[in-house]
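Notes follow once the structure below has been shown.
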Amino acid sequence: GVRFETAYTFARTFFLDGLEAIQLPVVNSAMALSYEHSESFNVQLEGYWVHVFDAPEGRRLLLSKNLYGLVGIMQLGFDTWDALAGGPLGDVSIRFAGMYGLKTEDFVLYPALTWAFSDSASASFGAMIFAGPPVGEQVSVGGLFDANDQAYFSIDATF
(Lines of atoms letter the chains of each structure in order from A and count residues from 1; the text may use other names and numbers.)
(Lines give C-alpha, C1' and ligand atoms only; values in the text may rest on other atoms or scores of the structure.)
Protein backbone atom coordinates (compact mmCIF):
# COMPACT_ATOMS: atom_id res chain seq x y z
CA GLY A 1 0.00 0.00 0.00
CA VAL A 2 0.89 3.65 -0.26
CA ARG A 3 0.05 6.33 2.30
CA PHE A 4 0.53 10.11 2.18
CA GLU A 5 -0.38 12.40 5.03
CA THR A 6 0.20 15.99 6.09
CA ALA A 7 -0.93 17.69 9.26
CA TYR A 8 -0.70 21.30 10.39
CA THR A 9 -0.49 22.05 14.11
CA PHE A 10 -1.11 25.63 15.23
CA ALA A 11 0.78 25.46 18.54
CA ARG A 12 3.10 22.51 19.12
CA THR A 13 5.26 22.77 22.23
CA PHE A 14 9.03 22.85 21.78
CA PHE A 15 11.85 23.57 24.17
CA LEU A 16 14.59 26.09 23.56
CA ASP A 17 18.21 25.53 24.53
CA GLY A 18 17.56 26.97 28.03
CA LEU A 19 14.60 24.54 28.52
CA GLU A 20 12.14 27.39 28.02
CA ALA A 21 8.87 26.08 26.52
CA ILE A 22 7.60 27.75 23.36
CA GLN A 23 4.65 26.95 21.09
CA LEU A 24 5.15 27.19 17.34
CA PRO A 25 3.19 26.21 14.21
CA VAL A 26 4.37 22.98 12.55
CA VAL A 27 3.70 20.97 9.40
CA ASN A 28 4.28 17.19 9.66
CA SER A 29 4.33 15.14 6.47
CA ALA A 30 4.91 11.47 5.78
CA MET A 31 4.89 9.04 2.88
CA ALA A 32 4.85 5.30 3.50
CA LEU A 33 5.10 2.20 1.37
CA SER A 34 3.94 -1.07 2.87
CA TYR A 35 3.66 -4.70 1.88
CA GLU A 36 1.58 -7.18 3.84
CA HIS A 37 1.83 -10.76 2.68
CA SER A 38 0.07 -12.19 5.72
CA GLU A 39 -0.22 -11.64 9.45
CA SER A 40 3.22 -13.26 9.67
CA PHE A 41 5.03 -11.12 7.11
CA ASN A 42 4.80 -7.39 6.63
CA VAL A 43 7.19 -4.57 5.79
CA GLN A 44 6.76 -0.81 5.93
CA LEU A 45 9.13 2.02 5.02
CA GLU A 46 8.18 5.60 5.77
CA GLY A 47 9.84 8.93 5.08
CA TYR A 48 8.94 11.88 7.29
CA TRP A 49 9.47 15.63 7.33
CA VAL A 50 8.74 18.09 10.14
CA HIS A 51 8.94 21.83 9.45
CA VAL A 52 8.72 24.38 12.27
CA PHE A 53 7.56 27.90 11.41
CA ASP A 54 8.56 31.12 13.18
CA ALA A 55 11.43 29.65 15.20
CA PRO A 56 13.21 32.44 17.09
CA GLU A 57 16.48 33.60 15.54
CA GLY A 58 19.60 33.06 17.61
CA ARG A 59 17.98 30.43 19.85
CA ARG A 60 18.32 26.69 19.34
CA LEU A 61 15.30 24.38 19.42
CA LEU A 62 16.08 21.15 21.21
CA LEU A 63 14.97 19.08 18.22
CA SER A 64 15.87 21.28 15.24
CA LYS A 65 13.67 23.39 12.94
CA ASN A 66 13.47 20.95 10.05
CA LEU A 67 13.63 17.22 10.65
CA TYR A 68 13.50 14.53 8.01
CA GLY A 69 14.26 10.87 8.15
CA LEU A 70 13.21 7.29 7.59
CA VAL A 71 11.25 4.83 9.70
CA GLY A 72 11.00 1.15 8.93
CA ILE A 73 9.48 -1.98 10.39
CA MET A 74 9.59 -5.61 9.34
CA GLN A 75 7.84 -8.53 10.99
CA LEU A 76 8.57 -12.06 9.87
CA GLY A 77 7.01 -15.17 11.36
CA PHE A 78 8.79 -18.44 10.71
CA ASP A 79 5.41 -19.99 9.87
CA THR A 80 5.71 -18.11 6.55
CA TRP A 81 7.83 -21.03 5.34
CA ASP A 82 5.87 -24.24 4.97
CA ALA A 83 8.84 -26.32 6.13
CA LEU A 84 8.87 -24.52 9.52
CA ALA A 85 5.13 -23.92 10.03
CA GLY A 86 4.40 -27.18 11.86
CA GLY A 87 7.63 -27.37 13.87
CA PRO A 88 8.77 -25.66 17.06
CA LEU A 89 9.90 -22.55 15.16
CA GLY A 90 6.43 -22.07 13.64
CA ASP A 91 5.40 -19.97 16.62
CA VAL A 92 8.49 -17.72 16.54
CA SER A 93 8.62 -14.31 14.85
CA ILE A 94 11.25 -11.63 14.39
CA ARG A 95 10.42 -7.94 14.47
CA PHE A 96 12.88 -5.26 13.47
CA ALA A 97 11.96 -1.58 13.68
CA GLY A 98 14.08 1.50 13.43
CA MET A 99 14.32 5.19 12.77
CA TYR A 100 17.14 7.08 11.07
CA GLY A 101 17.28 10.87 11.17
CA LEU A 102 18.74 12.02 7.85
CA LYS A 103 19.40 15.54 9.13
CA THR A 104 20.37 14.65 12.69
CA GLU A 105 22.35 11.51 11.72
CA ASP A 106 20.98 9.54 14.65
CA PHE A 107 19.17 6.24 14.86
CA VAL A 108 16.99 4.16 17.12
CA LEU A 109 16.69 0.38 16.59
CA TYR A 110 14.15 -2.01 18.13
CA PRO A 111 14.90 -5.66 17.33
CA ALA A 112 12.78 -8.35 19.00
CA LEU A 113 12.27 -12.10 18.93
CA THR A 114 8.84 -13.39 20.02
CA TRP A 115 7.64 -16.89 20.78
CA ALA A 116 3.87 -17.50 20.95
CA PHE A 117 3.78 -20.44 23.36
CA SER A 118 -0.03 -20.59 23.34
CA ASP A 119 -2.96 -18.98 21.52
CA SER A 120 -3.18 -16.30 24.20
CA ALA A 121 0.37 -15.85 25.51
CA SER A 122 3.79 -14.97 24.15
CA ALA A 123 7.27 -14.17 25.39
CA SER A 124 9.61 -11.64 23.79
CA PHE A 125 13.29 -10.81 24.00
CA GLY A 126 14.31 -7.50 22.51
CA ALA A 127 16.47 -4.44 22.69
CA MET A 128 16.30 -0.68 22.27
CA ILE A 129 19.49 0.75 20.79
CA PHE A 130 20.13 4.49 20.49
CA ALA A 131 22.99 6.34 18.77
CA GLY A 132 23.56 9.90 17.69
CA PRO A 133 25.86 12.88 17.84
CA PRO A 134 26.83 14.26 21.26
CA VAL A 135 24.19 16.60 22.67
CA GLY A 136 26.68 19.50 22.66
CA GLU A 137 26.91 19.26 18.85
CA GLN A 138 23.27 18.63 18.00
CA VAL A 139 20.21 17.54 19.93
CA SER A 140 18.57 14.38 18.57
CA VAL A 141 16.54 11.50 19.98
CA GLY A 142 19.36 9.02 19.36
CA GLY A 143 21.93 11.37 20.88
CA LEU A 144 19.83 12.17 23.97
CA PHE A 145 19.47 8.49 24.84
CA ASP A 146 22.79 7.25 23.43
CA ALA A 147 23.97 5.91 26.81
CA ASN A 148 20.61 4.29 27.56
CA ASP A 149 20.59 1.17 25.38
CA GLN A 150 18.61 -1.62 26.97
CA ALA A 151 17.57 -5.22 26.58
CA TYR A 152 14.20 -6.53 27.75
CA PHE A 153 12.15 -9.65 28.34
CA SER A 154 8.36 -9.54 28.39
CA ILE A 155 5.45 -11.93 28.69
CA ASP A 156 2.15 -10.89 27.14
CA ALA A 157 -1.18 -12.59 27.78
CA THR A 158 -4.71 -11.92 26.58
CA PHE A 159 -7.80 -12.96 28.49
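Residue numbers (my numbering): 4 to 162.
Cβ atoms here follow ideal geometry from the backbone N, Cα and C, with glycine treated the same way.
In the structure shown, Asp149 adopts coil according to DSSP, grouped into three states. Check the Cα spacing between Ala150 and each of Gly4, Thr117, Phe133, Val30: the tightest is with Phe133.
Under the three-state reduction of DSSP, Val142 is assigned to coil, being neither helix nor strand.
Counting only runs of 3 or more residues that sit fully inside the segment 20-103, the beta strand (DSSP E) segments are 24-41, 44-55, 69-80, in chain order. With a beta-carbon spacing of about 14 Å, Ala115 and Gly75 fall beyond the 8 Å limit used to define contacts. Residue pairing by DSSP places Asp122 in no beta bridge whatsoever. With the rule of 3 Cβ pairs closer than 8 Å, the segment 40-47 does not count as touching the segment 17-27. When DSSP reads this structure, Ala130 sits in a beta bridge with Ala154. It is roughly 10 Å from the alpha-carbon of Thr12 to the alpha-carbon of Phe56.
In the three-state scheme derived from DSSP, where H, G and I count as helix and E and B as strand, Leu116 is classed as strand. Going by C-alpha positions, Pro136 is about 43 Å away from Ser121. Following the DSSP letters along the chain, one finds Thr12 inside the beta strand (DSSP E) bounded by residues 5-18. Ranking Met34, Gly21, Tyr51 by CA distance to the CA of Lys106 puts Tyr51 first.
Annotated three-state conformation of Phe110 is strand, per DSSP.
With contacts defined as CB atoms closer than 8 Å, Gly72 and Met102 qualify as a contacting pair.
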